[in-house]
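Engineer:
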Amino acid sequence: ATGLNAIAKSKGKLYFGSATDNPELTDTAYVKILSDNTMFGQITPGNSMKWDATEPARGQFSWTGADQIANLAKGNGQLLRGHNCVWYSQLPSWVSSGNFDSATLTSIIQTHCSTLVGRYKGEVYSWDVVNEPFNDDGTWRTDVFYNTLGTNYVNIALQAARTADPAAKLYINDYNIEGPSAKTTSMMNLVKSLKAANVPLDGIGLQGHFIVGELPQGIEDNLRAFTALGVEVAITELDIRMTLPSTAALLAQQSKDYQTVISACQAVEGCVGVTIWDYTDKYSWVPQTFSGQGAACPWDQNLVEKPAFQGIVNGFNS
Ligand code: G3I
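Quick note, in mature numbering (1 follows the signal peptide of the UniProt record, and there is no 0), the sequence shown goes up one by one and the last residue is 382.
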């Protein structure tokens with residue numbers, strides 16, 4: 065088995081997957097690799113299931129992009145991760161600036177989550193129902209949801225998602241919770257309180273947007289600590305960026321860093337799988353966001369495997 069998903073499965077994981085995005089699907093060489101289910105057993109839409117894409121105006125749902133990814137996954141025999149129901153970003157202004165009272169915003173969340181999750185009922189392995197609820201200092205993000213409903217918006221979204229697709233695993237997904245941090249502590253406290261209140265929650269997604277040579281310490285212990293709270297975990301958006309230009313030394317360190325992350329998931333039974341946030345540098349989100357940085361993915365701009373590929377293999381074999 066040389067495909068990363070085949071290796072992951074042979075080691076007891078559910079999947080190794082990749083994010084993708086609709087504009088990339090006209091690139092036939094790209095799609096050929098993406099669609100090989102021995103390489104990728106799971107895909108996540110990078111943008112097309114977000115609120116701005118799926119409900120751009122209140123009650124007006126738009127499924128073109130989301131359906132395209134769901135159908136691609138189905139056709140390829142790949143699992144699908146839904147991303148996402150409730151997030152402060154890529155939120156249409158009718159939601160963020162609507163000045164709704166709590167009852168109205170509750171109903172807006174319920175309608176959005178149940179319609180979105182319900183559309184793909186039976187097709188989605190796991191949903192990022194709530195994305196990025198915390199600031200890096202561990203306080204709640206004061207977005208429209210929190211400001212109007214307090215922490216209760218999380219329960220509202222999770223309950224709506226559970227009703228819409230009882231078989232889907234429901235996740236909360238965030239970054240900078242891969243090692244010990246104030247944000248990690250807040251996320252663990254949230255898991256405890258939701259579990260104590262019997263709110264449906266199945267998993268925590270640790271995004272894994274890292275910098276070469278700067279991985280947090282203790283990823284494996286941290287994954288285990290989450291699973292001890294009664295949830296599964298997944299690495300949901302892995303990429304490891306560097307300051308450009310890439311050098312042989314940076315690529316070697318990147319390979320080691322990929323190996324470290326994969327081996328941490330491999331070592332923890334409740335870590336079900338790993339998703340990279342697109343597989344090639346050609347379509348990575350990093351350069352547009354962090355000027356002068358990039359080369360974060362295991363395949364280069366020309367869809368050629370980098371040393372990071374072998375790091376992933378080594379991680380699963382560790
Ligand atoms: O849709 C518009 C298009 O109409 C316009 O012409 C174009 C011009 O810039 O922009 C398009 O929107 C872009 C959108 O992606 C769709 O391509 C936004 O500018 C761009 O900011 C947006 O970036 C996405 C980013 O989330 C936004 O926060 C990235 O592609 C996507 O990979 C990234 O993914 C997030 C996860 O959802 C959550 N975790 C972090 C991760 C990385 O930021």
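A virtual CB, placed ideally from N, CA and C, is assigned to each residue, including glycine.
Kindly examine the ligand G3I and report whether one of its heavy atoms sits closer than 7 Å to the Cβ of residue 85.
Structural biologist: On the sequence shown, residue 85 is found 21 positions in, with the first residue counted as 1. Yes, the ligand G3I has a heavy atom inside 7 Å of this Cβ.
Engineer: Whose C-beta lies closer than 8 Å to the C-beta of residue 201 among residues of the same chain, with five residues either side of it excluded?
Structural biologist: Along the sequence shown, one-based indexing puts residue 201 at 137. The answer, listed in chain order, is 246 and 247.
Engineer: Within the continuous alpha helix (DSSP H) that includes residue 210, where are the two ends?
Structural biologist: As a working note, residue 210 is residue 146 in the sequence shown. From DSSP, the alpha helix (DSSP H) with residue 210 extends over 208–213.
Engineer: Can you tell which of 235, 109, 170 and 214 has its C-alpha closest to the C-alpha of residue 127?
Structural biologist: For the purposes of this step, residue 127 is taken as the residue at position 63 of the sequence shown. Of the listed residues, the one whose Cα sits closest to residue 127 is 109.
Engineer: Which residues in the same chain as residue 225 place their Cβ atom closer than 8 Å to its Cβ, once the five residues preceding and following it in sequence are excluded?
Structural biologist: For this step, residue 225 is matched to residue 161 along the sequence shown. Contacts found: 149, 177, 178, 181, 191, 193, 232, 234 and 264.
Engineer: So does the segment 96–103 actually touch the segment 352–359, counting three or more Cβ pairs closer than 8 Å?
Structural biologist: In short, these stretches do not touch, since the Cβ pair count stays below three.
Engineer: Report yes if the CB atom of residue 281 is closer than 8 Å to the CB atom of residue 334, and no otherwise.
Structural biologist: In the sequence shown, residue 281 corresponds to position 217, counting from 1. In the sequence shown, residue 334 corresponds to position 270, counting from 1. The answer is no: Cβ separation not under 8 Å.
Engineer: Starting from residue 236 and walking both ways along the beta strand (DSSP E), at which residues does that stretch end?
Structural biologist: Taking the sequence shown and counting its residues from 1, the one referred to as residue 236 is at position 172. First-last of the beta strand (DSSP E) with residue 236: 233–238.
Engineer: Which residue marks the beginning of the beta strand (DSSP E) containing residue 191, and which one marks its end?
Structural biologist: Along the sequence shown, read from residue 1 onward, the residue named residue 191 stands at position 127. Counting along the chain, the beta strand (DSSP E) containing residue 191 begins and ends at 190–195.
Engineer: Beta-carbon within less than 6 Å of residue 220's beta-carbon, same chain only, minus the 5 sequence neighbours each way: which residues are those?
Structural biologist: Residue mapping note: residue 220 aligns to position 156 of the sequence shown, counting from 1. Contacts found: 170 and 173.
Engineer: Classify residue 79 as helix, strand or coil using the three-state DSSP reduction.
Structural biologist: If you number the sequence shown from 1, residue 79 lands on position 15. DSSP places residue 79 in strand when its eight states are reduced to three.
Engineer: For the segment 239–315, which segments carrying the beta strand (DSSP E) assignment without a break, of at least 3 residues, lie completely within its bounds, in sequence order?
Structural biologist: Those beta strand (DSSP E) runs which fall completely within the segment 239–315 and span 3+ residues are 267–270, 273–275 and 296–307.
Engineer: Among 138, 236 and 211, which residue has its Cα nearest to the Cα of residue 22?
Structural biologist: Here the chain has residues from 65 to 382 only, and residue 22 is not among them.
Engineer: Find out if the Cβ-Cβ distance for the pair residue 321, residue 274 is shorter than 8 Å.
Structural biologist: In the sequence shown, the residue the question calls residue 321 occupies position 257. In the sequence shown, the residue the question calls residue 274 occupies position 210. For residue 321 and residue 274, yes; Cβs fall inside 8 Å.
Engineer: So for residue 187, helix, strand or coil by DSSP?
Structural biologist: Your numbering for residue 187 matches position 123 in the sequence shown. In the structure shown, residue 187 sits in coil (DSSP, three-state: anything other than H, G, I, E or B).
Engineer: Can you tell me the Cα-Cα spacing of residue 340 and residue 223, whole angstroms?
Structural biologist: If you number the sequence shown from 1, residue 340 lands on position 276. If you number the sequence shown from 1, residue 223 lands on position 159. Whole-angstrom Cα-Cα distance: 28 Å.
Engineer: Can you tell me whether residue 296 is buried or exposed? The criterion is at least 16 other CB atoms within 10 Å of its CB, across all chains shown.
Structural biologist: Reading the sequence shown from its first residue, position 232 is the one you call residue 296. It counts as buried.
Engineer: Is residue 329 helix, strand or coil when you go by DSSP?
Structural biologist: Residue numbering aside, residue 329 sits at position 265 when the sequence shown is read from its first letter. Residue state, collapsed to three classes: helix.
Engineer: So is the beta-carbon of residue 34 under 7 Å away from any non-hydrogen atom of the ligand G3I?
Structural biologist: Because the chain is modelled from 65 through 382, residue 34 falls outside the range shown and cannot be assessed.
Engineer: Less than 8 Å between the C-beta atoms of residue 39 and residue 284, yes or no?
Structural biologist: Past the boundaries of the shown model lies residue 39; the chain is included only from 65 to 382, so the question cannot be answered.
Engineer: On a Cα-Cα basis, can you pick out the residue from 85, 155 and 313 that is closest to residue 131?
Structural biologist: On the sequence shown, position 67 is the one that residue 131 refers to. The shortest Cα separation from residue 131 among 85, 155 and 313 belongs to 85.
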